[in-house]
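Engineer: Following this message is one structure expressed as structure tokens.
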Amino acid sequence: AAAAASTAAGGAGGRPSVVKGGGGGKARKAAERPSLPGDAQLRRTEGGLVALEATAVDAKLWAGAAAAGWTVVEMYAGGSKSGNWKYISPAGVPCKSRSVAIELGGDAAQAAAAAGREKKAAEKRAQGQPEKGP
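The sequence shown begins at 1244 in this note's numbering and counts up one residue at a time.
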């Protein structure tokens, strides 16, 4: 009976069991990361991957990216939870990073992305938050 009580208390010798894997890493970082602009702006592709709707595509890339034909899809099943996205050009060329997508988007994309970064920096300055380095 004492052994059963010891086991019920959490392990041999009355020590509580230790559950590993619940305290950190990607799961915690994903929980701390702000949610996507309007989680309702998600949809599923035919392959079952999460894709962003037009307004979220513009928020991830640059204003007008969705209208130009760009799409943003998770890199792999579940990739959206950890921020792993694939940016697909209007021609169907996949880009693994936002910077490559902006470069592929041309001068207009680069100008729109720069304007978006400046707008965010100005908002942070207005709120008194420190800015990130270059």
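Heads up, the beta-carbon is just placed ideally off N, CA and C, and yes, glycines get one too.
Predicted model, so just to flag it, every value in this text is computed and none were measured.
Give me the residue from G1307, N1327, G1371 with the minimum Cα distance to Q1353.
Structural biologist: As a working mapping, residue 1353 is identified with position 110 in the sequence shown. Of the residues G1307, N1327, G1371, the one whose Cα lies closest to the Cα of Q1353 is G1307.
Engineer: Between the region 1331 to 1339 and the region 1284 to 1292, do at least 3 Cβ pairs fall closer than 8 Å?
Structural biologist: no
Engineer: Identify whether E1366 lies in helix, strand or coil by the three-state DSSP scheme.
Structural biologist: Taking the first residue of the sequence shown as 1, we reach residue 1366 at position 123. Helix, per DSSP.
Engineer: Out of A1310, G1348, Y1330, A1309, which one is the CA nearest neighbour of Y1319?
Structural biologist: Within the sequence shown, residue 1319 is the residue found at index 76, counting from 1. The candidate whose alpha carbon is nearest that of Y1319 is Y1330.
Engineer: In this structure, how does DSSP classify A1294 when only helix, strand and coil are distinguished?
Structural biologist: Position 51 of the sequence shown, counted from the first residue, corresponds to residue 1294. Of the three classes helix, strand and coil, the one that applies to A1294 here is strand, per DSSP.
Engineer: Rounded to whole angstroms, what's the CA-CA distance from V1243 to G1371? Just pull it up for me.
Structural biologist: In the structure as shown, the chain begins at 1244 and stops at 1377. Residue 1243 is therefore absent and cannot be evaluated.
Engineer: Exposed or buried, what is D1188 when buried is set at 16 or more other beta-carbons lying within 10 Å of its beta-carbon?
Structural biologist: For residue 1188 there is no data in the structure shown, the boundaries of the chain being 1244 and 1377.
Engineer: Identify which residue in A1310, G1322, A1357 has its Cα closest to the Cα of A1299.
Structural biologist: Here residue 1299 corresponds to residue number 56 of the sequence shown, with the count starting at 1. The residue with the shortest Cα to Cα distance from A1299 is A1310.
Engineer: Along the chain, where does the beta strand (DSSP E) that runs through E1317 open and close?
Structural biologist: One-based indexing of the sequence shown puts residue 1317 at position 74. First-last of the beta strand (DSSP E) with E1317: 1314 to 1317.
Engineer: CB W1313 to CB A1358, shorter than 9 Å?
Structural biologist: Locating residue 1313 in the sequence shown gives position 70, counting from the first residue. Locating residue 1358 in the sequence shown gives position 115, counting from the first residue. No Cβ-Cβ contact shorter than 9 Å links W1313 with A1358.
Engineer: Under 9 Å, do V1293 and G1326 count as touching if we go by C-beta distance?
Structural biologist: Here residue 1293 is taken as the residue at index 50 of the sequence shown, counted from 1. Here residue 1326 is taken as the residue at index 83 of the sequence shown, counted from 1. Taking 9 Å as the Cβ cut-off, V1293 and G1326 do not qualify as a contacting pair.
Engineer: In the DSSP assignment, find the unbroken alpha helix (DSSP H) run with L1347 in it and report its ends.
Structural biologist: Counting from one through the sequence shown, the residue named residue 1347 turns up at place 104. Looking at the DSSP string, the run of the alpha helix (DSSP H) that includes L1347 is 1341 to 1348.
Engineer: Could you have a look at G1371 and say whether DSSP puts it in helix, strand or coil?
Structural biologist: The residue labelled residue 1371 in the question sits at position 128 within the sequence shown. If DSSP states are grouped into helix, strand and coil, G1371 belongs with coil.
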